[in-house]
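Those sequence lines, one after another, are chains A and B. Everything in the first sequence is counted per UniProt numbering, starting at 1 for the first residue and increasing by one. Everything in the second sequence is counted per UniProt numbering, starting at 1 for the first residue and increasing by one. Every residue gets a Cβ at the ideal spot worked out from N, C-alpha and C, and that includes glycine. Here's the structure, in C-alpha cells; my notes come after.
There are 2 protein chains.
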Amino acid sequence: MHIKRPEKTRPECIQNLLALRDSLELLGGKWKLLIVLHISCRPKELLHFKKLEKEITGISAKMLSKELKILEENKIVTRTVQNTRPVTVTYTLTTYGQTLIPIADALQQWGLHHRKIIKGK
Amino acid sequence: MHIKRPEKTRPECIQNLLALRDSLELLGGKWKLLIVLHISCRPKELLHFKKLEKEITGISAKMLSKELKILEENKIVTRTVQNTRPVTVTYTLTTYGQTLIPIADALQQWGLHHRKIIKGK
DNA sequence: GTAACCACTTACCTGGAAGTAACTATGCAT
DNA sequence: ATGCATAGTTACTTCCAGGTAAGTGGTTAC
Chain A
1 MHIKRPEKTR PECIQNLLAL RDSLELLGGK WKLLIVLHIS CRPKELLHFK
51 KLEKEITGIS AKMLSKELKI LEENKIVTRT VQNTRPVTVT YTLTTYGQTL
101 IPIADALQQW GLHHRKIIKG K
Chain B
1 MHIKRPEKTR PECIQNLLAL RDSLELLGGK WKLLIVLHIS CRPKELLHFK
51 KLEKEITGIS AKMLSKELKI LEENKIVTRT VQNTRPVTVT YTLTTYGQTL
101 IPIADALQQW GLHHRKIIKG K
C-alpha cells in the first residue's frame with residue numbers, strides 16, 4: 001500500500017501571521033527599510049541627518065525625521081549628538097537593527113531580479 | 001605600522017536602492033506578503049477565493065481580488081478556474097512566487113522576535 | 001421562480017501617509 | 001547684524017490605500 005505523503009502545508013507558519021502583520025506595519029512603508037539599508041551601507045561621515053537627507057533621493061526632512069524617530073523608538077537606530085560646531089547628529093544601526101540587513105538585502109536582490117522578469121520582458 | 005582596516009561600507013549595496021524601492025512598492029502594502037504566505041501555507045482545498053477571504057482575517061473581497069490581480073500580473077500567483085459546480089477559482093504560487101517565501105518567513109520571524117523586544121519589554 | 005453559492009465588481013467614503021514650504025533654535029563667521 | 005550651516009518642527013494640503021456596502025453574472029438546488 002502506498003503511503004500518502006503529507007501535503008506540504010507548513011502549518012507552523014500560519015499560526016503567527018500576526019507577526020508578519022507587525023513587521024509589515026512597522027517596515028512596510030515607503031522609507032524605513034530604505035533608511036536602514038542606507039545607514040548600513042554608509043561610512044560614518046555620511047550618517048548625519050543632512051547627509052542622509054541628501055543621499056536618500058526624494059525624502060524630505062520631515063519624513064526623515066519622523067521615520068528616524070520611529071526607528072529609534074523601536075531600537076533599530078541610535079541617535080548620537082556629536083559635539084562638533086555646528087552640532088551634528090549621527091544615526092547608526094543598533095545590533096538589533098542590523099538583523100534587518102539580511103532582510104533588506106534579500107528584498108533588494110528580489111527587486112533586482114524582478115525588474116528583469118517584469119520590465120525586461 | 002598598523003594597516004588601516006577598510007570601513008565596512010558595503011558600497012555594492014547602495015547602487016541598487018532602486019531595486020529595494022521596487023520591491024517595497026510592490027510588496028510593501030498591507031496584504032500582499034500576507035496573501036503569499038497564506039497560499040504557501042495552505043493545502044489545495046483552501047486556496048479558493050472564498051476560503052482565502054475567510055482565512056485571511058480582516059481582508060475584504062475587494063482587496064483580495066485587487067491584490068491577487070496584481071500578484072498575478074507580476075507572475076507571483078497563478079489563477080486557475082476549476083470546473084466544479086459552481087465554478088471555483090484556485091490561486092497558487094508560481095515557482096517564481098515561491099522565491100518570496102523565504103523573505104516572508106524572515107519578516108515573520110523578525111516580527112515574532114520584535115514583539116518580545118518591544119512589547120514584551 | 002426564487003433562493004443560495006461562488007467570484008468577483010462598482011460606487012462611495014474616509015483616515016492617514018506623504019508632499020511642500022516656511023519657520024525655529026543654536027552657533028559660528030565676517 | 002547679516003548670512004550660513006545643522007537639525008529639526010509646524011502648518012497646510014493632497015492623494016490614495018483601504019474600508020463598507022451593495023450589485024452583477026453564472027449555476028445549481030428546491
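At the C-beta level, A/A61 and A/E53 come within 8 Å of one another.
For the segment 55-83 of chain B, the set of positions with a beta-carbon nearer than 7 Å to some beta-carbon of chain A reads N74 and K75 in chain order. A distance below 6 Å between beta-carbons, with the five flanking residues on each side excluded, links B/I117 to no residue of its chain. By the C-beta criterion, the segment 23-33 of chain B is judged not to be in contact with the segment 85-98 of chain B, since fewer than 3 inter-stretch pairs fall below 8 Å. Contact annotation for B/K30 against chain A: R21, L24, E25 and G28 [CB-CB distance below 9 Å, chain order].
When only Cα atoms are considered, B/Q98 and B/H114 end up about 25 Å apart. Listed by position along chain A, the residues whose Cβ is nearer than 7 Å to that of B/T94 form an empty set, because the closest Cβ is around 10 Å away. The C-alpha of A/W110 is placed about 15 Å away from the C-alpha of B/L71. A residue is called buried when at least 16 other Cβ atoms come within 10 angstroms of its Cβ; A/V77 meets this threshold and is buried. Membership of A/L93 in any alpha helix (DSSP H) is not indicated; the residue belongs instead to the beta strand (DSSP E) covering T88 to L93. If you look at B/R115, you'll find it isn't in any beta strand (DSSP E); DSSP assigns it neither H nor E.
The straight-line gap separating the alpha-carbon atoms of B/M63 and A/T57 is approximately 31 Å. Identification of chain A residues near B/T90 by a Cβ-Cβ cut-off of 8 Å yields none; the smallest Cβ-Cβ distance measures about 14 Å. About 6 Å separates the beta carbon of B/L33 from that of A/L20, a gap short enough to meet the 8 Å contact definition. Counting only the Cα atoms, A/K75 lies some 7 Å from A/Y96.
B/L34 has a beta carbon lying within less than 8 Å of a beta carbon in chain A. For A/R79, there is no enclosing alpha helix (DSSP H); the residue is part of the beta strand (DSSP E) that begins and ends at V77 to Q82. Using a CB distance below 8 Å, the part of the segment 99-113 of chain B facing chain A consists of T99, L100, P102, I103, A104, D105, A106, L107, Q108, Q109, W110, G111, L112 and H113, ordered along the chain. For A/I118, the nearest beta carbon of chain B is closer than 8 Å to its own beta carbon.
Setting aside the 5 residues that flank it on each side, B/E45 is surrounded in the same chain by K51, each with a C-beta closer than 8 Å to its C-beta; the list follows chain order. In the DSSP secondary-structure assignment, A/H48 is bridged to A/T90. Under the three-state reduction of DSSP, A/R42 is assigned to coil, being neither helix nor strand.
DSSP, read as helix, strand or coil, puts B/I59 in coil. In the three-state scheme derived from DSSP, where H, G and I count as helix and E and B as strand, A/L24 is classed as helix.
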